[in-house]
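A.B. asks:
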Amino acid sequence: RRRARARSGSQPCGLRELEVRVSELGLGYASDETVLFRYCAGACEASERVYDLGLRRLRQRRRVRREQVRAQPCCRPTAYEDEVSFMDVHSRYHTVHELSASECACV
Amino acid sequence: MILANAFCLLFFLDETLRSLASPSSLQGPELHGWRPPVDCVRANELCAAESNCSSRYRTLRQCLAGRDRNTMLANKECQAALEVLQESPLYDCRCKRGMKKELQCLQIYWSIHLGLTEGEEFYEASPYEPVTSRLSDIFRLASIFSGTGADPSVSAKSNHCLDAAKACNLNDNCKKLRSSYISICNREISSTERCNRRKCHKALRQFFDRVPSEYTYRMLFCSCQDQACAERRRQTILPSCSYEDKEKPNCLELRTLCRTDHLCRSRLADFHTNCRASYRTLTTCPADNYQACLGSYAGMIGFDMTPNYVDSSPTSIVVSPWCSCRGSGNMEEECEKFLRDFTENPCLRNAIQAFGNGTDVNVSPKSPSFQATQPPRVEKTPSLPDDLSDSTSLGTSVITTCTSVQEQGLKTNNSKELSMCFTELTTNIIPGSKKVIKPNSGLNRARPTAAFTVLPVLMLRLAL
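Taken in sequence, the protein lines are chains A and B.
Under this note's numbering, read the first sequence as residues 96 to 202, first letter to last.
Under this note's numbering, read the second sequence as residues 8 to 471, first letter to last.
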């Protein structure tokens, strides 16, 4: 526990949230409404498997070359919020599905 | 041992605080000699337990179920049944908004009361319990939102309806139910059918029933200085689906239609009871209760009588159901009178404006017994689905620890305290946990119990 605290800024993988204006998301919606954007962030060191070590080794030895591989677990949403609706500046409503994460995991 | 004692002490402190925080429903009414009316579902149970009452009630229902109600009621047997039932708890039973089995409750209410009214009456008594708490904290909240007293140039620029949408989006429950009604009401079915109106109305009712009024009123009654804001306010209920129709029916026809439905009829009667302009009070509202009027206005959204702002004028507030008085024939006067209760009602207008400006009237409570009863917000809480998600979103889980404490080998002189199981909240603030810790969950300030339960645990942690 002490080690984790010492290493500054590397929090474990989890949900973070941010209040953003819909127009800031760059999805093409002109709306002043504010929504809560939840995303996944953090380190995944603790959930490395033998698989990751093996794959890394094989990559170093150039046994795996051509394909894009990821020899490290990644902090990603495992579930998304169903929908969020908002009104744009032209008084039209829009509904966006799976904009925000609801659960995170190292996968 | 010391630790365990400290825990017990904290536990009892917690319990005391909890009992102080939520007044028991028994306290108030008994003290002041005011008995809240029995709800009709319960009254029906009481009646069913009694053979005389239950047989008379069955008779009356058969009388009213007949095609021609008036001739059936002229029947001696029916009259006798009605007279007996006027003495029973069924006679003055009431229902609560958003209660369990609300429809069943209202069906029981009207089964008696339809027999008592002589045909169609202009105003009907509300089958709902009176809104006893004035809930002026909502108005106080509104005054914070509207920023009265702040720099006028700032408040002139801000859009309160946009702020209200933001507050809703930042609350999980409000956002979920808002998104739900918007996506349903906005879904086009075909080029001729704009939307599924029935489903849209249902989703709107869920929004107004299950989201606390501090969110819903704020969106519905926000004050505006410009047209963009007022248009947003008008669009709150997605009027192109839920309000407008191909044709505008006559208002009295619409009222007849509404009265065929127990829920619509009850909500309209409630509106008439709470928003009917009275010139004997300062605010022109019955008992100067703005809160009750706003509540019964919002209670009609999602029914045939759904009211809305007629245009996007920022300051002149005119609301109306989707109907007109054309084709009224010799009922023109009655129709206009009915419509004016929406369009030119000083009580409703004052209530909307007062909420928007965050100003409530300061009238001393006329009946202290009413103040003693639980505010509706508290009563509604258990039925709200967000409670569950709110407690879990704090990253807490409840573990019953009565057995584990006993295992720690505590002496038997403490057995009285020990025989009570208590719950411990484990907070997931340990690094490595995948659960999110929310610093603040929007405007959920009305949950003191959670804080009181966390407190002893945190203190215990410190002791460790």
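Just so it is clear, CB atoms sit at the ideal spot from N, CA and C, and this is done for glycine as well.
Taking LEU122(A) as part of the beta strand (DSSP E), name the residues at either end of that continuous run.
C.D. replies: No beta strand (DSSP E) contains LEU122(A), which DSSP labels as neither H nor E.
A.B. asks: Alpha carbon to alpha carbon, how far is SER95(B) from GLU351(B)?
C.D. replies: Distance between the alpha carbons of SER95(B) and GLU351(B): 40 Å.
A.B. asks: Start and end of the beta strand (DSSP E) containing ARG134(A)?
C.D. replies: According to the sequence shown, residue 134(A) is Tyr rather than Arg. Counting along the chain, the beta strand (DSSP E) containing TYR134(A) begins and ends at 129 to 136.
A.B. asks: State the Cα-Cα distance for the pair PRO36(B) and SER126(A), rounded to the nearest angstrom.
C.D. replies: The predicted model places PRO36(B) with a pLDDT of 39, which falls under 50 and marks its position as unreliable, so this point remains unresolved.
A.B. asks: Under the rule that 16 or more other beta-carbon atoms within 10 Å means buried, what is ARG201(B), buried or exposed?
C.D. replies: It is buried - the Cβ of ARG201(B) has at least 16 other Cβ atoms within 10 Å.
A.B. asks: What separation, rounded to the nearest whole angstrom, lies between the Cα atoms of CYS47(B) and TYR135(B)?
C.D. replies: About 10 Å.
A.B. asks: So THR288(B) is in the beta strand (DSSP E); what residue range does that whole segment cover?
C.D. replies: From DSSP, THR288(B) is part of no beta strand (DSSP E); its letter is neither H nor E.
A.B. asks: In terms of residues, what are the limits of the beta strand (DSSP E) holding ARG171(A)?
C.D. replies: Residues 170 to 175.
A.B. asks: Please name the residue, chosen from SER195(A), ARG157(A) and GLY121(A), that lies closest to TYR175(A) on a Cα-to-Cα basis.
C.D. replies: That would be SER195(A), whose Cα lies nearest to the Cα of TYR175(A).
A.B. asks: Entirely within the stretch 272 to 360 of chain B and at least 4 residues each: give me those alpha helix (DSSP H) ranges in chain order.
C.D. replies: 297 to 305 and 339 to 350, all fully within the stretch 272 to 360 of chain B.
A.B. asks: Quick one: is SER142(A) near chain B, going by C-beta distance under 8 Å?
C.D. replies: It does not: the Cβ of SER142(A) has no partner Cβ on chain B nearer than 8 Å.
A.B. asks: Can you list, in chain order, the residues of its chain whose CB lies under 6 Å from that of ALA200(A), leaving out five sequence neighbours each side?
C.D. replies: The residues are THR173.
A.B. asks: Buried or exposed for LYS83(B), please, with buried defined as at least 16 other CB atoms from any protein chain shown within 10 angstroms of its CB.
C.D. replies: LYS83(B) should be labelled exposed.
A.B. asks: Can you check whether the C-beta of ARG104(B) is within less than 8 Å of a C-beta belonging to chain A?
C.D. replies: No, ARG104(B) does not count as interfacial toward chain A.
A.B. asks: Taking three-plus beta-carbon pairs below 8 Å as touching, is the stretch 85 to 92 of chain B in contact with the stretch 251 to 260 of chain B?
C.D. replies: They do not touch, by the three-pair rule.
A.B. asks: What did DSSP end up calling ARG187(A) once you bin it into helix, strand or coil?
C.D. replies: Coil.
A.B. asks: Taking buried to mean at least 16 other C-beta atoms within 10 Å of its own C-beta, is CYS169(A) buried or exposed?
C.D. replies: CYS169(A) is exposed by the Cβ-count criterion.
A.B. asks: So, is the C-beta of GLU178(A) closer than 8 Å to a C-beta in chain B?
C.D. replies: Yes, its Cβ sits closer than 8 Å to a Cβ of chain B.
A.B. asks: Compare the C-alpha of GLU193(A) against each of VAL130(A), PRO107(A), SER105(A) and CYS108(A) and name the closest.
C.D. replies: Closest by alpha carbon: VAL130(A).
A.B. asks: Who pairs with LEU153(A) in a beta bridge, going by DSSP?
C.D. replies: None, per the DSSP bridge assignment.
A.B. asks: What does a CB cutoff of less than 7 Å around MET182(A) pick up in its chain, not counting 5 residues either side in sequence?
C.D. replies: Around MET182(A): SER126, GLU128 and TYR188.
A.B. asks: Where does ALA361(B) land, buried or exposed, given buried means 16+ other C-beta within 10 angstroms?
C.D. replies: Its Cβ being crowded by 16 or more others within 10 Å, ALA361(B) is buried.
A.B. asks: Can the beta-carbon of HIS279(B) be found less than 8 Å from the beta-carbon of GLU131(B)?
C.D. replies: Yes, Cβ-Cβ distance for HIS279(B) and GLU131(B) is below 8 Å.
A.B. asks: Taking its Cβ as the centre, do 16 or more other Cβ atoms sit within 10 Å of GLU52(B), making it buried, or is it exposed?
C.D. replies: GLU52(B) comes out exposed.
A.B. asks: Please list the partners that TYR124(A) has in chain B, where partner means a Cβ-to-Cβ separation under 9 Å.
C.D. replies: The premise fails here: TYR124(A) is roughly 14 Å from chain B at the closest Cβ pair, so nothing lies under 9 Å.
A.B. asks: In chain order, what residues of the stretch 147 to 180 of chain A put their CB closer than 9 Å to some CB of chain B?
C.D. replies: Hits within the stretch, in order: GLU176, ASP177, GLU178, VAL179 and SER180.
A.B. asks: Within 10 Å of its beta-carbon, does TYR250(B) have 16 or more other beta-carbons around it, so buried, or fewer, so exposed?
C.D. replies: With 16 or more Cβ atoms within 10 Å of its Cβ, TYR250(B) is classed as buried.
A.B. asks: So if DSSP puts VAL115(A) in a beta bridge, which residue, or which two residues, is it bridged to?
C.D. replies: In the DSSP output, where bridge partners are listed per residue, VAL115(A) has VAL130(A).
A.B. asks: Just to confirm the assignment, what range does the beta strand (DSSP E) spanning SER187(B) have?
C.D. replies: Careful: SER187(B) lies outside any beta strand (DSSP E), inside the alpha helix (DSSP H) at 179 to 192.
A.B. asks: Tell me the rounded alpha-carbon separation between TRP329(B) and MET312(B).
C.D. replies: Roughly 7 Å between the two C-alpha positions.
A.B. asks: Tell me, to the nearest whole angstrom, how far the beta carbon of VAL202(A) is from that of ARG171(A); I am working on the premise that it is less than 8 Å.
C.D. replies: Going by Cβ atoms, the distance from VAL202(A) to ARG171(A) rounds to 6 Å, so yes, they are a contact pair.
A.B. asks: Taking PRO321(B) and GLN242(B) to be in contact with their CB atoms under 8 Å, please state how far apart those CB atoms are, rounded to whole angstroms.
C.D. replies: With a Cβ gap of about 14 Å, PRO321(B) and GLN242(B) do not count as contacting.
A.B. asks: Taking the alpha carbon of ARG116(A) as the point to measure from, which residue in ALA172(B), ALA305(B), VAL45(B) and ILE115(B) has its own alpha carbon closest?
C.D. replies: Closest by alpha carbon: ALA172(B).
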